[in-house]
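As structure tokens, the structure follows; a few thoughts come after it.
Right under this line is the structure:
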């Protein structure tokens with residue numbers, strides 16, 4: 001059995017299928033990414049930028065006022081009236097009608113861990129426009145720091161850093177990140193750091209602690225506990241569990257509702273996630289954003305019954321989970337690229353695991369990163385001049401910086417300064433990724449039997 005053939009072709013095939021599904025979903029339902037699964041949450045026509053950050057900020061205010069995060073709002077509560085008045089002040093010079101809508105839309109329970117809400121408390125001391133700009137700076141810094149960490153494993157570091165930065169700068173994931181204010185870049189930095197310390201110095205305890213911290217920002221990094229179990233990395237598993245429990249206890253102890261109520265928040269979070277993301281008439285979530293959009297299209301056309309679609313999606317999800325799990329267990333390679341491919345397979349699992357299926361921007365980030373590493377480790381880019389590549393990176397970084405300075409707070413994706421910067425949106429990065437993956441598979445299939453696979457720097 002040719003190790004290289006099965007190592008790369010398995011990952012490449014799953015990768016191409018998921019990329020096609022993600023892009024196909026956006027073609028069928030172009031605006032599905034701008035809406036939420038949660039019932040009753042309807043965006044106005046102008047689709048206010050920073051909707052996710054506004055939710056984080058509002059829930060951080062609830063922490064400051066000692067109010068529950070996982071219960072419906074009680075408008076008759078005096079604390080709630082004071083909170084809403086405070087929130088209106090933070091929104092700054094916005095029209096009153098818009099402020100009314102932004103207060104009304106914050107009416108559903110929080111669907112992230114309590115620690116996540118506490119991390120955003122410092123932003124509640126700034127007016128929303130300035131708080132959002134500071135937050136955007138942190139997202140961009142986290143994104144490029146994660147890139148810098150990954151670039152250390154490339155064979156041609158300058159080439160990887162320059163091209164991958166320019167690629168991400170003009171891709172849809174970054175645009176999604178900035179428009180919605182999602183915290184995926186922070187999770188990405190924590191997960192990437194965990195990968196670096198685990199592969200670089202084999203510090204399994206530190207890697208587990210970083211994964212646990214990422215899981216307290218958003219829950220889906222807990223899937224790495226499953227990954228470390230498959231890899232029999234028991235110290236990392238124990239570190240994830242212990243660190244997560246320590247953070248739960250610390251969050252409960254500092255809760256203004258009391259320690260008992262602080263612990264009860266986690267049970268309420270579990271109940272909320274179960275009721276929203278796993279309907280009572282099915283035993284598994286319907287799928288990722290692409291599956292959801294495609295199902296919505298079929299339901300509108302009345303092509304297939306809802307119950308059948310749910311069962312079919314569940315079967316597909318379980319089959320994908322089984323294939324990815326088998327690939328992770330069966331892979332015996334010890335090179336950096338192989339382990340990074342494993343991490344990307346875990347990202348694919350996130351798209352079919354509730355509630356991770358509701359957060360696909362991190363998955364798309366890793367699609368870009370992994371595909372760049374695969375291409376740059378196996379294709380020869382020596383004919384490209386390093387200076388030209390760094391010029392491309394500098395231009396992309398400058399565009400991001402300018403967009404931060406002139407970022408429109410109210411204008412949505414259809415207007416304002418931002419669309420002038422992302423001229424090509426997400427189409428050409430996907431074409432490059434698909435072409436590089438096909439070239440990679442072709443090279444592996446044509447490789448002579450018994451030939452060794454070179455994958456850049458091998459860690460010991």
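Residue numbers (my numbering): 1 to 460.
Beta carbons: idealized from backbone N, C-alpha and C, even for Gly.
TODO: Ignore the nearest five residues each way along the sequence and tell me which others in residue 228's own chain have a CB closer than 6 Å to its CB.
DONE: 236, 237
Task: Spatial distance of residue 125 from residue 196 (CA atoms) - done: 34 Å
Open item on the list: Let me check understanding here. Comparing Cα to Cα, which of 149, 326, 187, 50 lies closest to residue 230?
Closed with: 326
Task: Euclidean distance between Cα positions of residue 96 and residue 233 - done: C-alpha separation (whole angstroms): 55 Å.
TODO: Under 7 Å Cβ to Cβ from residue 87, same chain only, skipping five residues before and after it: list those, please.
DONE: Hits under 7 Å: 58, 61, 103.
Open item on the list: Going by C-alpha to C-alpha distance, which of 261, 342, 323, 346 sits closest to residue 71?
Closed with: 261
Task: For residue 77, the three-state DSSP class (helix, strand or coil) - done: coil
TODO: Assign residue 129 to one of three DSSP states: helix, strand, or coil.
DONE: Residue 129 falls in the helix class under three-state DSSP.
Open item on the list: Please report the distance separating the alpha-carbon of residue 52 from that of residue 77.
Closed with: The straight-line gap from Cα to Cα measures roughly 25 Å.
- [ ] State buried or exposed for residue 118, treating a residue as buried only when at least 16 other CB atoms are found within 10 Å of its CB.
- [x] buried
Open item on the list: Let me check understanding here. Comparing Cα to Cα, which of 329, 343, 254, 346 lies closest to residue 114?
Closed with: 254
Open item on the list: Which of the three DSSP states is assigned to residue 182 in this structure?
Closed with: coil
Open item on the list: I need the boundaries of the alpha helix (DSSP H) containing residue 55, first residue and last residue.
Closed with: 51-64
Open item on the list: So for residue 115, helix, strand or coil by DSSP?
Closed with: helix
Open item on the list: In whole angstroms, give me the CA-to-CA distance for residue 94 and residue 74.
Closed with: 25 Å
Open item on the list: For residue 142, count the other beta carbons within 10 Å of its own beta carbon; 16 or more makes it buried, fewer makes it exposed. Which is it?
Closed with: Per the 10 Å Cβ criterion, buried.
- [ ] Count the other C-beta atoms from every protein chain shown that fall within 10 angstroms of the C-beta of residue 122, then say buried if there are 16 or more, exposed otherwise.
- [x] exposed
Task: Where the alpha helix (DSSP H) through residue 239 begins and ends - done: 234-253
Open item on the list: Once DSSP output is grouped into helix, strand and coil, what is the label at residue 106?
Closed with: coil
TODO: Let me know if residue 180 comes out buried or exposed under the rule of 16 or more other beta-carbons within 10 Å of its beta-carbon.
DONE: buried
Task: Sequence-distant residues of the same chain with beta carbon closer than 6 Å to residue 252, five excluded per side - done: 259, 262, 263
Task: Reference residue 250, options 85, 220, 213, closest by Cα - done: 213
Task: First and last residue of the uninterrupted alpha helix (DSSP H) at residue 205 - done: 204-217
Task: Neighbourhood of residue 451 by C-beta, 6 Å cutoff - its chain only, sequence neighbours within 5 removed - done: Confidence at residue 451 is low in this model, with a pLDDT of 43, below 50, so the placement of that residue is unreliable and no value is reported for it.
Task: CA-to-CA distance, residue 92 to residue 203, given in whole angstroms - done: 46 Å
- [ ] Output yes or no for whether 8 Å exceeds the beta carbon distance between residue 241 and residue 211.
- [x] no
Task: Range of the contiguous alpha helix (DSSP H) that encloses residue 226 - done: Its alpha helix (DSSP H) spans residues 223-230.
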